[in-house]
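>
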Amino acid sequence: MADADMAASWKDAEKMLDKGKTEGALQLLRKADPDGTEVTTLRLAGKAIFIQAGKSGSGSEYRKAAKLLREAVNKNPRDKQANSLYNQIRNDMQDKGISETIIPRLINNGTPTPAGLFAVTAALLLILGTVQYIGSSEEFEDGEAIMRITWTDNAGVYHDENITIALHRAEAPLHVENFILLSESGRYNDVIFHRVISNFMIQSGDFEFNNGQGGYTAKWYGYCNGKTTNSNGEDYNADNCPLSQWSLPGEHTNGLKHKEGSLAAAHAGLNTDGSQFYIVPSGDPPSHLDWTSGKDCSSQSCHTVYGTVTDGLEFIDSISKVQTSSDKPNNDVTIRSIIITDDGVKDSDEPWYQFW
Numbered sequence: 002m003a004d005a006d007m008a009a010s011w012k013d014a015e016k017m018l019d020k021g022k023t024e025g026a027l028q029l030l031r032k033a034d035p036d037g038t039e040v041t042t043l044r045l046a047g048k049a050i051f052i053q054a055g056k057s058g059s060g061s062e063y064r065k066a067a068k069l070l071r072e073a074v075n076k077n078p079r080d081k082q083a084n085s086l087y088n089q090i091r092n093d094m095q096d097k098g099i100s101e102t103i104i105p106r107l108i109n110n111g112t113p114t115p116a117g118l119f120a121v122t123a124a125l126l127l128i129l130g131t132v133q134y135i136g137s138s139e140e141f142e143d144g145e146a147i148m149r150i151t152w153t154d155n156a157g158v159y160h161d162e163n164i165t166i167a168l169h170r171a172e173a174p175l176h177v178e179n180f181i182l183l184s185e186s187g188r189y190n191d192v193i194f195h196r197v198i199s200n201f202m203i204q205s206g207d208f209e210f211n212n213g214q215g216g217y218t219a220k221w222y223g224y225c226n227g228k229t230t231n232s233n234g235e236d237y238n239a240d241n242c243p244l245s246q247w248s249l250p251g252e253h254t255n256g257l258k259h260k261e262g263s264l265a266a267a268h269a270g271l272n273t274d275g276s277q278f279y280i281v282p283s284g285d286p287p288s289h290l291d292w293t294s295g296k297d298c299s300s301q302s303c304h305t306v307y308g309t310v311t312d313g314l315e316f317i318d319s320i321s322k323v324q325t326s327s328d329k330p331n332n333d334v335t336i337r338s339i340i341i342t343d344d345g346v347k348d349s350d351e352p353w354y355q356f357w
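Numbering (this note's numbering), first residue to last: 2 to 357.
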C-alpha cells in the first residue's frame, strides 16, 4: 500500500496537471516514487507526458507516455483511469500515424510476434556463424533525420532535394532531443535559411521571425537565455522564464569537431542554444568554433556539433553558393520538412524515472 506521503504527492501532482504544470508534476512523482512501483505513479507520469506530447506533437513523447500507461495497465488491469488514458493515447497515435515502438515489438504479452519469431531465427543463424560482442551500457546511439529543402541556384534552376543527417545522440543528448522535438512538432517546416556564407555555413532554425533573432527550445532545459538564476539570485524555471528565452546548455566538450557536413547549434553566447542551427559545406571547416582544452567559452565562441550530413552534402554545397545580400539569400532557401526516421534511443528496460 502507498503511504500517506505518497498519496499526498499524487494529489499535488494531479492539481499541477490540472493547471498544465507537467514538469512540476513529474518532479513530484520522481521524488515520491523513484522506482515507479505504484500504478498511480505510472498513470500520472504517463498522463503528464501525454499532455506534453499533445502540445509538441512529438512521436518520442507519445511513445514514452504510451509505455508508462501500458505498464500501469499491466500492473493493474482494473484501473479504469489507466485503461481509459491508454486507449485514448493509442487512438491518438493511430490517427497521427505514430507507432508505439521504433522497431516492431518482438513479444506481446509473453507470446512471440511474427517479427519476434523472425528475429529469433536470425539471431540463431548469427550465433552459429560468428560470435560478436553485443552488450552495451550506452543508452543512446546515432539517430537519423531527413531534411527536405527547396532553393533556386545561381543558374535559375529550382531544386527540391532531401538531405540525410546522422544525429549523434550519445555525444549530444540534449541537442539531439531538442532538434527531434522541434522537428516532430513541425516547428522547422517552411523555415528559411536566413544566413548563408559561402565556404563557411548555412544557418536556419528561427521559426519565430526567420531572421536570426528568434527561436527557443522545445521544452525546459533549465536555462533562461543562458542563465539559471535571475538578478535576485532566484532559480529560473519553466513558469518564471518567458518561453521565448528558453535555452539549453552547450555540449561542446563532447569531442565532436566541425568538419564537412557538420550540424551544429547556433547561439548568442554560452548556454543560449535554442532552435537555430547551421550546416557546414565542403572545404575548410570552421575549427575556430570548436572547443579545445583551456578555451574560455564565455569570451570565445564554442559551438556544439550534434549531427553530420551523410547523404546530400552536394546540395549543402550548392546552397552555400547562392547569391546573397548581407548574407541573406536573394531567393528563399526553405526547409519544407524534417522527418525523424530514428530517434537514437536504444530499447531499454530501464526504470520509469530513467526512461524520461
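Every residue gets a Cβ at the ideal spot worked out from N, C-alpha and C, and that includes glycine.
Since we're looking at a predicted model, the values are computed, not measured.
With DSSP as the reference, label A167 as helix, strand or coil.
If DSSP states are grouped into helix, strand and coil, A167 belongs with the strands.
> Can you give the Cα-Cα distance for N238 and L249, rounded to whole angstroms?
Their backbone Cα atoms lie some 12 angstroms apart in a straight line.
> Just to confirm, is the Cβ distance from E162 to G313 under 8 angstroms?
Closer than 8 angstroms, so yes.
> Short of 8 angstroms in beta carbon distance, which residues of its chain neighbour T259, apart from the five on each side in sequence? Order them along the chain.
Reading the sequence as shown, one finds His at residue 259 and not Thr. Contacts found: A265, V281, P286, P287, S288, L290, D291, H304, V306.
> Less than 7 angstroms between C-beta atoms, sequence neighbours within five positions excluded: which residues of the same chain meet that for S302?
Cβ neighbours of S302 beyond the five flanking positions: L290.
> Can you list, in chain order, the stretches of the beta strand (DSSP E) that have 3 or more residues and sit fully within the stretch 191-236?
Listed in chain order, the complete beta strand (DSSP E) runs (minimum 3 residues) inside the stretch 191-236 are 196-198, 202-205.
> Can you tell me the Cα-Cα spacing of M217 and S276, whole angstroms?
It should be noted that the sequence gives Tyr, not Met, for residue 217. Near 5 angstroms, if we compare the C-alpha coordinates of S276 and Y217.
> If you check the beta carbons only, do M7 and A33 fall under 8 angstroms apart?
Yes, these two residues count as a Cβ contact at 8 angstroms.
> Who does F316 pair with in a DSSP beta bridge?
Answer by DSSP bridge pairing: none, since F316 is not bridged.
> Of the choices A167, A156, T230, whose alpha-carbon is the least far from that of F141?
Out of A167, A156, T230, A167 has the C-alpha closest to the C-alpha of F141.
> Any chance the stretch 227-242 sits against the stretch 181-198, with 3 or more Cβ pairs inside 8 angstroms?
The stretch 227-242 is not in contact with the stretch 181-198.
> With 16 other CB atoms within 10 Å as the buried threshold, where does N75 fall?
That one is exposed.
> Which full runs of the beta strand (DSSP E) of 3+ residues lie inside the stretch 36-62, going along the chain?
Those beta strand (DSSP E) runs which fall completely within the stretch 36-62 and span 3+ residues do not exist here.
> Using the Cα positions of I50 and G21, report the straight-line distance between them to the nearest angstrom.
Roughly 11 angstroms between the two C-alpha positions.
> Could you check which residue in V197, L271, G215 has the C-alpha nearest to that of D333?
Nearest C-alpha to D333: V197.
> Could you tell me whether the Cβ atoms of S205 and I336 are closer together than 8 angstroms?
Result yes, Cβ atoms of S205 and I336 sit closer than 8 angstroms.
> Can the beta-carbon of R44 be found less than 8 angstroms from the beta-carbon of L70?
Taking 8 angstroms as the Cβ cut-off, R44 and L70 qualify as a contacting pair.
> Who are the near neighbours of Y63 in its chain, counting only those whose CB is closer than 6 angstroms to its CB and skipping five residues on each side?
Closer than 6 angstroms at Cβ, skipping near neighbours: A54, M94, I99.
> Taking the alpha carbon of Y279 as the point to measure from, which residue in H195, W152, S299, G345 has its own alpha carbon closest?
Comparing Cα-Cα distances from Y279 to each of H195, W152, S299, G345, the minimum goes to H195.
> Return yes when the Cβ of Q324 is within less than 8 angstroms of the Cβ of N211, no when it is not.
No, the pair does not count as a contact, with Cβ atoms beyond the cut-off.
> Per DSSP, F278 forms a beta bridge with which residues?
In DSSP, F278 forms a bridge with S205, A266.
> Pull up the CB-CB distance for G308 and H169, whole angstroms please, since I reckon it's below 8 angstroms.
So it is a contact: roughly 6 angstroms between Cβ atoms.
> Return the chain-ordered list of same chain residues with a C-beta closer than 8 angstroms to the C-beta of E185, the five sequence neighbours on each side being excluded.
The answer, listed in chain order, is S57, G58, S59, G60, S61, I341.
> Any C-beta of chain D sitting closer than 8 angstroms to the C-beta of G21?
Of the chains in the structure shown, none is chain D; there is only one protein chain.
> What is the residue span of the beta strand (DSSP E) that T335 lies within?
T335 -> beta strand (DSSP E) spans 335-343.
> Would you mind working out which of S327, N255, E261, I317 sits nearest I164, comparing C-alpha positions?
When each option's Cα is compared against that of I164, the closest is I317.
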